[in-house]
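Q: Protein chains in written order, with my numbering: chain A, 1 to 415; chain B, 1001 to 1415; chain C, 2001 to 2415; chain D, 3001 to 3415. For each residue, glycine too, the CB sits at the ideal point set by N, CA and C.
There are 4 protein chains.
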Amino acid sequence: MNTSEKLYHPGKTGIWIAGALGDIAVTLITGTLSMRHGLSSRSGLCTELPPVNGLSLTSLDQLVFGGVDIIDRSICDVAESIYRNSKTFSRELLDTVADEIGLIDAQIAIMPELSWQASGATDSSCTLVQLIDRLRKRIRQFREHNGVDHVVVVNLTSAEESTPDVPEKATLEGLQRLIADERRDLLTPGIIYTYTALLEGCSYLNFTSNSGPELAALQELALRERLPFYGNDGKTGETLIKTALAPLFACRNLQVLSWEGVNMLGNSDGSTLHDPTKRAAKLANKEQVISRILGYSPHADVAINYVPSLGDWKTAWDLIHFQGFLDVRMSMQFTWQGCDSILAAPLILDMARLSEFAWRHGESGPMHHLAAFFKNPVGVEEMAFYPQFEMLLAYAHRHLGPEKSGKSLFSTAVP
Amino acid sequence: MNTSEKLYHPGKTGIWIAGALGDIAVTLITGTLSMRHGLSSRSGLCTELPPVNGLSLTSLDQLVFGGVDIIDRSICDVAESIYRNSKTFSRELLDTVADEIGLIDAQIAIMPELSWQASGATDSSCTLVQLIDRLRKRIRQFREHNGVDHVVVVNLTSAEESTPDVPEKATLEGLQRLIADERRDLLTPGIIYTYTALLEGCSYLNFTSNSGPELAALQELALRERLPFYGNDGKTGETLIKTALAPLFACRNLQVLSWEGVNMLGNSDGSTLHDPTKRAAKLANKEQVISRILGYSPHADVAINYVPSLGDWKTAWDLIHFQGFLDVRMSMQFTWQGCDSILAAPLILDMARLSEFAWRHGESGPMHHLAAFFKNPVGVEEMAFYPQFEMLLAYAHRHLGPEKSGKSLFSTAVP
Amino acid sequence: MNTSEKLYHPGKTGIWIAGALGDIAVTLITGTLSMRHGLSSRSGLCTELPPVNGLSLTSLDQLVFGGVDIIDRSICDVAESIYRNSKTFSRELLDTVADEIGLIDAQIAIMPELSWQASGATDSSCTLVQLIDRLRKRIRQFREHNGVDHVVVVNLTSAEESTPDVPEKATLEGLQRLIADERRDLLTPGIIYTYTALLEGCSYLNFTSNSGPELAALQELALRERLPFYGNDGKTGETLIKTALAPLFACRNLQVLSWEGVNMLGNSDGSTLHDPTKRAAKLANKEQVISRILGYSPHADVAINYVPSLGDWKTAWDLIHFQGFLDVRMSMQFTWQGCDSILAAPLILDMARLSEFAWRHGESGPMHHLAAFFKNPVGVEEMAFYPQFEMLLAYAHRHLGPEKSGKSLFSTAVP
Amino acid sequence: MNTSEKLYHPGKTGIWIAGALGDIAVTLITGTLSMRHGLSSRSGLCTELPPVNGLSLTSLDQLVFGGVDIIDRSICDVAESIYRNSKTFSRELLDTVADEIGLIDAQIAIMPELSWQASGATDSSCTLVQLIDRLRKRIRQFREHNGVDHVVVVNLTSAEESTPDVPEKATLEGLQRLIADERRDLLTPGIIYTYTALLEGCSYLNFTSNSGPELAALQELALRERLPFYGNDGKTGETLIKTALAPLFACRNLQVLSWEGVNMLGNSDGSTLHDPTKRAAKLANKEQVISRILGYSPHADVAINYVPSLGDWKTAWDLIHFQGFLDVRMSMQFTWQGCDSILAAPLILDMARLSEFAWRHGESGPMHHLAAFFKNPVGVEEMAFYPQFEMLLAYAHRHLGPEKSGKSLFSTAVP
């Protein structure tokens, strides 16, 4: 296939997941199989909407899954547990895809040595350099065994404790020195995943609030390797609604006095975020959106409560207290009852397809057109959802050209 | 003052209101006085936000109020009743502005002959031609007595029953024939207000769901007289939220299965809309937004319930039932607790200032850049709030030019 | 078995259901089998709570199901449809009980001739007298075939149009004359079910808003036959909450100004209640509770909206606007998201067990101690939930005697 | 007046408040004056309802107010601040009662020496024994100056830190030794108020979560002095609703899985409760009700967030996740938007009247019939609202006798 053909004919694409046995990853894998079998619609996928669906994206049939996790389980066990606790899979779906899921297990490495934040740095069984080698080897095997043209590495691991921001993280050389010096107090697994993925020529997506693509050292590496990447922290529920609603208050000059948010969830994410040191980064991502959209900082607390009985079903309640004409105080409340994994999984499919497309078209560096998918999009000031989404539309129109763009979802042209 | 100076130096502007003794009108008048006295902030006014505040708009000090109503009351009585029932005015405000309010009473004509829909056409005390003459004379007196440069007529009357759409309404000549023939079965007061305003050289804003600016005959008249106009049906509460939220479901490819809305309010608007024949037009305006934004029609009922104890405080509850990845069903609810008049009044100030600006700059016809203010914006297909609001931003930028535009509320530029 | 033994040793009990193929009936049957197989807990059953569980009630193993419906389906088909639409059954449950369910189908008669309200009275294939004979024969066969000691007939049919209240309905003789005269304009299927059940020596429970046990003629028959009965209209969701909350406002002297309720549901009940003539009785039952508990009548509308996507999952939203000290106005809202059949089914099991118990102990007439189960309990003025529930507790204590009563759920004794 | 006459003719009653310049106290005083002037109804007062209103209670005209506070302000200043921030008073009310309020200021002692928990024990200007003497002198002066027959002391101060439970608190003698030893680390102001009030022959009501009437030492004193008392922690909002709703889940055997409560408020109570050491006692009171009503302990967190813009208007949101028949999971949410002081003030009037009545009738010790007014009623196991309220009804009926009882609010008699 020559270059020009390749531009329009995507090959096999690998999605290699850090945290491959978590709820989101298993929902992503099972859901893709479900769509392949025609058992469910394409709901939730932005890449199926015009104009984005006009791009020559990799098809769902060409996706291959693999990855790494720290706990030894089978995908099937996780899927059964989701079925029982969250009822987002049907029995029929599980029965239909059981064999295919079983085969994917072989593509997932179990590497408990990746959990040094939890287990403590000292008792690690290998050096960071060795660890990176092991991960690189795994990714290479995945690529070769499956014959994939390009691998997109996605971070779906649990929230990590933040580490101090030292000058070494500003340069690739500095970062490599920290690695050589075994500075696990400064290096999170999230940083190692990003570093490894880029070294192996993979695109990288950081769907967590962990460190990674925002580090100057890693951006330097991505540009050197001519690879696209993006993050941080997928925008799936309460924050998504906030970034759609808060601009309304700004546009109508309604002064927000307080915007209080309460998130209740019962999955492992909820359990991890129960730990204040681990939720710090996530809360920072969630809290900044209001003040950055409004241009001032109202009282805006965000609480995350672990409520086990809810399972993967998150219930968020927000109270917005605001002031209008004559300084009269009014209020709005909303309750969001969504299933976290169901909301997150399709975004990863969308972004993996768009990452492969960017890579195939020789685009490297931060994919700002994916800003609408993240709570804290790297390098983008705009926090409002619609202007962010327009960046994706503009990207699609740029690639499609005027003649192919056709009818878009939104048109702002004055008649 | 020469032409060029006039362009940048707005003179006195009259706001002449049909329904001048309703809650919104009295809130508008009282609120303007409150701001003049420094008793309240500019909250709620979009024209105070960048970049719109960069335009040479008429100042609040240059506004003069007048109008017409069908029931004989004083502004002061209405204001006291709002104070008692809705608590949106403070005692101090009413005491401060009492004298000024008293003077405005003289600018308001009481014309019960305008209520033929309620009273029946036959027992009218004058012909439509005579009625139009009386209204024109009133507007002329208001303009001359107050020395205003330009009058903006605003329709804030109660919801009217719709009348059949006959071919005569498509041309100015046809409309004039219906007037001459006393066809009150086909002509609503709303049509008469629009016709009269345009004949008298006034801009026209239709904040109600009544007939007016959307009629081809009246658009013909506006263009002939080189006058700007816009409507219909101010977007203040539940529908506003809908047009900000529904696009989110579209952008994320979340299939809306049902979007049920319940509006509870206790003011005269609620009382009028209790009558199914009168709420038909309003419900049509409210219901269309969902299907026009989504591109398909989910189950989407809107109920309007009259709950007297709520007064002007509307409580709207919406239930959104939707389907995401793997066709999993999720839901969102919101409760909106706002004061109708407080939400509506500043929009009229905004639009009156922008109408006078358009008139001063020789712009005529439908002001599409005001689309974000209306449930059913004349001639605009786009129903989503943000693209509508961007039309206003683009208008401001066009007038300001690049050097003066400065920092806008939103910027969609990719970094 | 002698009399005294019989008193303490319940035999086989039949639950014979009018509307046996509706969602509630199929949930009741499937749920009973589920508990027998140990697949689900006894949640939802009051008869499993102390002190009621101290009574010698028939065990779940001794229950036998049968009944009649107007549409020809199998229980299995209905169960599969519930599984798909409402997800209240698991695949495993359906697979486990499939054979048992299949056997129950033989106990259900399909009699389209019972739908004269829908189909029109004239084209009936048989007289009312013939119809009653057929129903009696069916019940007799059910009793004999299954060797049951006592049959409880339960009405779970759809809401019917009310019929005029004529003097004949006040006496058994009058009612029999209406039957002989084929007065289908005055006689609903609900009346026929009650009449037939009592003639056949069955207890009768009316879980619908249809006519039945409240008719003087039928109460006369029940007393003559020495049979217990009760109704009307099971209290499962929004009304249940109302009768628990409204007394709080009364006790605290908080004046309720408005209590607005909106019920959204998508099952066949929702579809039937979409018809204003059919929902009249149900709305009357729902609306009266507030004024009867408070002793005055605030604005209290109840809306029932058919929202198909919700299936059996009812979402009710209530807004309570009230006035406290200094006449300050405050509000409360609640959202109830429950599954109608899941809430209703256990109440029928409870009441069937208690009906059999009453019959075995020679109690006849209205079972006032079941008041807490109904929106409109026959012959009971008290509408507040807790005083109603105490009637059940008192009943249990009366039967148990002081020594066996043990620890109750509630104790009001001052320490 | 002889004994028998006195029994039926209440004299002047003093309400002497610790925390007399807080929002609740000022609302209580202003509200009583408002009712005396006929400016507002008796809404919120249980003592105005049958059968309680049949008791010979002191009339509102016979109430006299006084007390103590730690911060030097005037009632008028506090009232103006409530007017501005919470809008629960009208301008007209404040103008009408200004003079009367001014006179009450003289009855309120400012004693900053009562704030040793905040200021630290060492720098106190007087010993505890001296402090108690000062307080007693103040109460005596209040009684004599106003010629009141009986004084009810009410604790309305802010939440205090708890102190360790030492054996000395179990006996009056031990408590007196702690006082003599200046053990401010073990003695809160709340304990001192209770001790002082009882020594001075006053009834005592503890409306806060602070220590007091639950101490064995103080109960010993009350019984010795033959005085009635009660507490702790007034039940005004979210907990009130919980104790009305939770029994419903118990009665219907609906297993509560999680009951999560979030309280947002912006008054000084909210500010104090922001401090984890101070909210401990209150949270304990709020959290225990669910498990004590249900008989098991579901996940049941209660959060208290300080949201300044809300002022005295508390917004509480509760999520109840429960399981019914077939173990199906369902949910209920409620939002409570009430004004804290408006809800609390009438309860104090009610209880002060009932305390004076109890005292006049020679009743001493804990007034269990006031259990329904408290989150944690001393010596009462029952947490459900209605059984608690029935204890008040039973008390009233006992005093009224069968002939005078008349129609009560609730009747549980089977017809």
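Against chain B, which members of the segment 3075-3095 of chain D pass a CB distance test of less than 8 Å?
A: Lys-3087, Ser-3090, Arg-3091, Glu-3092
Q: Using a C-beta to C-beta distance shorter than 9 Å, which residues of chain D count as neighbours of C:Tyr-2195?
A: In the third sequence, counting from the first residue as 1, residue 2195 of chain C sits at position 195. Those within 9 Å of C:Tyr-2195 in chain D number zero; the least Cβ separation is about 24 Å.
Q: Let me see if you follow: with CB-CB separation under 8 Å, is D:Asn-3232 close to chain C or not?
A: The residue you call residue 3232 of chain D lines up with position 232 of the fourth sequence. Chain C contact via Cβ: absent.
Q: Give the residues of chain C in contact with D:Ser-3040, contact being defined as C-beta atoms less than 7 Å apart.
A: Locating residue 3040 of chain D in the fourth sequence gives position 40, counting from the first residue. Correct list: Leu-2326, Asp-2327.
Q: Work out the CA separation of B:Thr-1236 and D:Ser-3258 for me, nearest whole Å.
A: Mapped onto the fourth sequence, residue 3258 of chain D falls at position 258. Mapped onto the second sequence, residue 1236 of chain B falls at position 236. Whole-angstrom Cα-Cα distance: 37 Å.
Q: List in chain order: all unbroken alpha helix (DSSP H) runs of 4+ residues lying wholly within the segment 177-237 of chain A.
A: 189-199, 216-224, all fully within the segment 177-237 of chain A.
Q: For a contact defined as C-beta to C-beta under 9 Å, what are the partners of D:Thr-3335 on chain C?
A: As a working note, residue 3335 of chain D is residue 335 in the fourth sequence. Chain C residues near D:Thr-3335: Ser-2331, Met-2332, Gln-2333, Phe-2334, Thr-2335.
Q: Considering only residues of the segment 3028-3096 of chain D, which uninterrupted alpha helix (DSSP H) runs meet the minimum length of 4 residues and lie entirely inside it, listed in chain order?
A: 3075-3086
Q: Does C:Ile-2192 get closer than 8 Å to chain D when you measure Cβ to Cβ?
A: Indexing the third sequence from 1 puts residue 2192 of chain C at position 192. False, the Cβ-Cβ gap to chain D never drops below 8 Å.
Q: With C-beta atoms as the reference, is A:Asp-350 less than 8 Å away from A:Thr-127?
A: Within the first sequence, numbered from 1, the residue matching residue 350 of chain A stands at position 350. Within the first sequence, numbered from 1, the residue matching residue 127 of chain A stands at position 127. No, Cβ-Cβ distance for A:Asp-350 and A:Thr-127 is not below 8 Å.
Q: Name the chain D residues that come within less than 7 Å of A:Asp-301, Cβ to Cβ?
A: The residue labelled residue 301 of chain A in the question sits at position 301 within the first sequence. Within chain D, the residues near A:Asp-301 are Asn-3305.
Q: Mapping DSSP to helix, strand and coil, what is A:Pro-10?
A: Taking the first sequence and counting its residues from 1, one reaches residue 10 of chain A at position 10. DSSP places A:Pro-10 in coil when its eight states are reduced to three.
Q: Which residue's Cα is closest to the Cα of D:Leu-3240: C:Asp-2233, C:Leu-2254, C:Ala-2180, C:Pro-2228?
A: Along the fourth sequence, one-based indexing puts residue 3240 of chain D at 240. The candidate whose alpha carbon is nearest that of D:Leu-3240 is C:Leu-2254.
Q: Taking the continuous alpha helix (DSSP H) assigned at C:Gln-2289, which residues delimit it?
A: Residue 2289 of chain C sits at position 289 when you count from the first residue of the third sequence. Per the sequence presented here, residue 2289 of chain C reads as Val, with Gln not at that position. C:Val-2289 -> alpha helix (DSSP H) spans 2276-2294.
Q: Nearest by alpha-carbon distance to C:His-2361: which of C:Leu-2227, C:Ala-2345, C:Ser-2040, C:Asp-2312 is it?
A: One-based indexing of the third sequence puts residue 2361 of chain C at position 361. When only C-alpha atoms are compared, the closest one is C:Leu-2227.
Q: I'd like to know whether the C-beta atoms of C:Lys-2012 and C:Val-2064 end up nearer to each other than 8 Å.
A: By 1-based counting over the third sequence, the position of residue 2012 of chain C is 12. By 1-based counting over the third sequence, the position of residue 2064 of chain C is 64. For C:Lys-2012 and C:Val-2064, yes; Cβs fall inside 8 Å.
Q: Comparing alpha-carbon positions, which option in B:Thr-1027, B:Asn-1053, B:Leu-1021, B:Arg-1134 lies nearest B:Tyr-1083?
A: On the second sequence, residue 1083 of chain B is found 83 positions in, with the first residue counted as 1. Looking at the Cα atoms, B:Thr-1027 is the closest of the given residues.
Q: In chain C, what lies closer than 7 Å to D:Gly-3401 by C-beta?
A: If you number the fourth sequence from 1, residue 3401 of chain D lands on position 401. In chain order: nothing, as chain C lies at least about 19 Å away.
Q: Suppose you measure from the CA of B:Gly-1231 to the CA of C:Phe-2249; what does that come to, to the nearest Å?
A: As a position in the second sequence, residue 1231 of chain B is number 231, starting the count at 1. As a position in the third sequence, residue 2249 of chain C is number 249, starting the count at 1. B:Gly-1231 and C:Phe-2249: Cα-Cα distance of roughly 45 Å.
Q: Given 8 Å as the limit, is there contact between the segment 2260-2267 of chain C and the segment 2314-2327 of chain C, that is, 3 or more CB pairs closer than that?
A: yes
Q: Step through the CB atoms of chain B and report whether any lies within less than 8 Å of the CB of A:Asn-267.
A: One-based indexing of the first sequence puts residue 267 of chain A at position 267. A:Asn-267 does not count as touching chain B.
Q: Against chain A, which members of the segment 3238-3267 of chain D pass a CB distance test of less than 7 Å?
A: The segment 3238-3267 of chain D vs chain A, Cβ under 7 Å: Leu-3257, Ser-3258, Glu-3260, Val-3262, Met-3264.
Q: Quickly, what does DSSP pair C:Tyr-2306 with across the bridge? List them, please.
A: The residue you call residue 2306 of chain C lines up with position 306 of the third sequence. Answer by DSSP bridge pairing, in chain order: C:Leu-2265.
Q: Looking at the secondary structure, which residues open and close the alpha helix (DSSP H) in which C:Gln-2141 lies?
A: Translated into the one-based positions of the third sequence, residue 2141 of chain C becomes position 141. 2128-2146 is the extent of the alpha helix (DSSP H) around C:Gln-2141.
Q: Given that B:Ile-1290 touches chain A, what residues does it touch there, using C-beta distances under 8 Å?
A: Locating residue 1290 of chain B in the second sequence gives position 290, counting from the first residue. Chain A residues near B:Ile-1290: none, gap ~15 Å exceeds 8 Å.
Q: CA-CA distance, C:Gly-2014 and D:Gly-3270?
A: On the third sequence, residue 2014 of chain C is found 14 positions in, with the first residue counted as 1. On the fourth sequence, residue 3270 of chain D is found 270 positions in, with the first residue counted as 1. Approximately 58 Å between the Cα atoms of the pair.
Q: Please state whether DSSP places B:Lys-1169 in a helix, a strand or coil.
A: Against the second sequence, residue 1169 of chain B aligns to sequence position 169. DSSP, read as helix, strand or coil, puts B:Lys-1169 in helix.
Q: Going by CA-CA distance only, name the one from B:His-1037, B:Pro-1276, B:Pro-1308 that's closest to B:Glu-1092.
A: Taking the second sequence and counting its residues from 1, one reaches residue 1092 of chain B at position 92. With distances taken between Cα atoms, B:Glu-1092 lies closest to B:His-1037.
Q: How would you write the range of the beta strand (DSSP E) that C:Ser-2364 sits in, first residue to last?
A: Here residue 2364 of chain C is taken as the residue at index 364 of the third sequence, counted from 1. Note, C:Ser-2364: premise wrong, no beta strand (DSSP E); not H, not E.
Q: Specify, as a first and last residue, the run of the beta strand (DSSP E) that A:His-299 falls within.
A: Here residue 299 of chain A is taken as the residue at index 299 of the first sequence, counted from 1. Per DSSP, A:His-299 belongs to no beta strand (DSSP E) and is neither H nor E.
Q: Counting along the chain, where does the beta strand (DSSP E) carrying B:Ala-1316 start and finish?
A: Numbered from 1 along the second sequence, position 316 holds the residue referred to as residue 1316 of chain B. Here the beta strand (DSSP E) through B:Ala-1316 covers 1313-1323.
Q: For B:Ala-1345, go through chain A and note every residue whose CB falls closer than 7 Å to its CB, in chain order.
A: Within the second sequence, the letter at position 345 stands for residue 1345 of chain B. Simply Phe-325.
Q: Is the separation between the beta-carbon of B:Ala-1010 and that of B:Leu-1039 shorter than 8 Å?
A: Position 10 of the second sequence, counted from the first residue, corresponds to residue 1010 of chain B. Position 39 of the second sequence, counted from the first residue, corresponds to residue 1039 of chain B. According to the sequence provided, residue 1010 of chain B is Pro. The question's Ala does not apply to it. No.
Q: Tell me which residue opens and which closes the beta strand (DSSP E) that D:Ser-3331 is part of.
A: As a working note, residue 3331 of chain D is residue 331 in the fourth sequence. Where D:Ser-3331 is concerned, the enclosing beta strand (DSSP E) stretches over 3329-3339.
Q: Quick test of your reading: A:Val-97 and A:Thr-171, contact by CB under 8 Å. State the CB separation rounded to the nearest angstrom.
A: In the first sequence, counting from the first residue as 1, residue 97 of chain A sits at position 97. In the first sequence, counting from the first residue as 1, residue 171 of chain A sits at position 171. Actually they do not touch by this definition, with Cβ atoms about 45 Å apart.
Q: If you drop the 5 nearest sequence neighbours on each side, which residues of the same chain put their C-beta closer than 7 Å to that of D:Arg-3353?
A: Along the fourth sequence, read from residue 1 onward, the residue named residue 3353 of chain D stands at position 353. Taken in chain order, the residues that qualify are Thr-3047, Leu-3057, Thr-3058.
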